[in-house]
Amino acid sequence: MQLNRLVNFHKTIGDKTRIRIIALLKEGPLHGQALAGKLGLTPPTISHHIAKLREIDIIYQRRDKNTIYFHLNEKKLEVMAQAILKIGIEDEAKLYQYKEEEKEKVLKNFIQQDGRLKNLPAQHKKRLIILEHLVTKLEIGKTYSENEINEFIKQYHEDYATIRREFVMYQFMFRQDGEYELNPKEMWLI
10 MQLNRLVNFH
20 KTIGDKTRIR
30 IIALLKEGPL
40 HGQALAGKLG
50 LTPPTISHHI
60 AKLREIDIIY
70 QRRDKNTIYF
80 HLNEKKLEVM
90 AQAILKIGIE
100 DEAKLYQYKE
110 EEKEKVLKNF
120 IQQDGRLKNL
130 PAQHKKRLII
140 LEHLVTKLEI
150 GKTYSENEIN
160 EFIKQYHEDY
170 ATIRREFVMY
180 QFMFRQDGEY
190 ELNPKEMWLI
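Take the sequence shown: its letters are residues 10 to 199, numbered as in this note's numbering.
Encoded structure:
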């Protein structure tokens with residue numbers, strides 16, 4: 010299912026009047042005049058909302074003599090409402106793959122063959138990728154002195170003070186009394 014269709018569906022039903030129309034039609038088909046009377050709205054207002062709901066195919070109409078009755082397409086409504094749960098799983102996998110490819114590209118562009126940084130990226134997103142790459146070389150659960158962190162960073166870049174400060178600022182590490190420890194990955198601001 011296309012993400013645009015799903016977004017359009019949720020935008021369209023994200024209106025109190027349209028939700029009320031859906032609720033009324035769930036009880037059975039109604040004509041425009043009946044909907045207007047039950048909701049206390051004018052027929053043109055009902056026509057506008059019905060047109061929007063028909064665009065996303067959750068309402069269809071049937072003529073009975075001179076009266077048009079609107080019916081709720083419950084199956085379509087259910088499929089579209091459930092689609093967000095399914096698309097989330099598919100998109101998450103695609104997003105993870107995209108992020109990994111993007112990370113590899115950034116690392117290739119900013120890290121020399123000897124493992125040292127060419128320079129610190131100016132772009133925030135790329136900078137976070139580089140910082141993450143560096144902290145993954147540290148040991149989880151180990152407490153480091155400021156000197157040890159400085160020496161670690163110097164292996165990769167001469168501006169150890171900036172990188173050390175950003176490790177803390179972006180919550181890769183926790184600092185207290187001059188000692189540093191890695192935070193759990195869930196806390197990292199990446």
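Cβ atoms here follow ideal geometry from the backbone N, Cα and C, with glycine treated the same way.
For residue i, which residues in the same chain have their Cβ closer than 6 Å to its Cβ, ignoring the five residues on either side in sequence?
i	result
residue 52	41 and 45
Nearest by alpha-carbon distance to residue i: which of the options is it?
i	options	result
residue 30	81, 73 and 18	81
residue 140	152, 169 and 157	169
residue 62	176, 189, 22 and 125	22
residue 164	121, 111, 58 and 113	121
residue 180	196, 171, 187 and 186	196
residue 113	123, 161, 131 and 135	135
residue 128	171, 36, 184 and 72	171
Ends of the beta strand (DSSP E) at residue i?
i	result
residue 191	188-191
residue 139	Unbroken run through residue 139 is the alpha helix (DSSP H), 133-144; no beta strand (DSSP E).
residue 81	76-81
residue 70	68-73
When you compare the CB positions of residue i and residue j, do they come within less than 8 Å of one another, or not?
i	j	result
residue 34	residue 55	no
residue 93	residue 198	no
residue 48	residue 79	no
residue 166	residue 137	no
residue 149	residue 173	no
residue 116	residue 142	yes
residue 84	residue 66	no
Output the boundary residues of the alpha helix (DSSP H) element that contains residue i.
i	result
residue 169	169-178
residue 181	Premise fails: residue 181 is in no alpha helix (DSSP H) and is neither H nor E.
residue 54	52-64
Which residues in the same chain have their Cβ closer than 7 Å to the Cβ of residue i, if we skip the five residues on either side of it in sequence?
i	result
residue 175	140
residue 60	none
Closer than 8 Å by C-beta to residue i: which residues in its own chain qualify, once you throw out the five before and the five after it? Chain order, please.
i	result
residue 58	24, 26, 27 and 30
residue 13	none
> Would you say the stretch 150-158 touches the stretch 183-194, given that touching needs at least three Cβ pairs under 8 Å?
Replying inline: The stretch 150-158 is in contact with the stretch 183-194.
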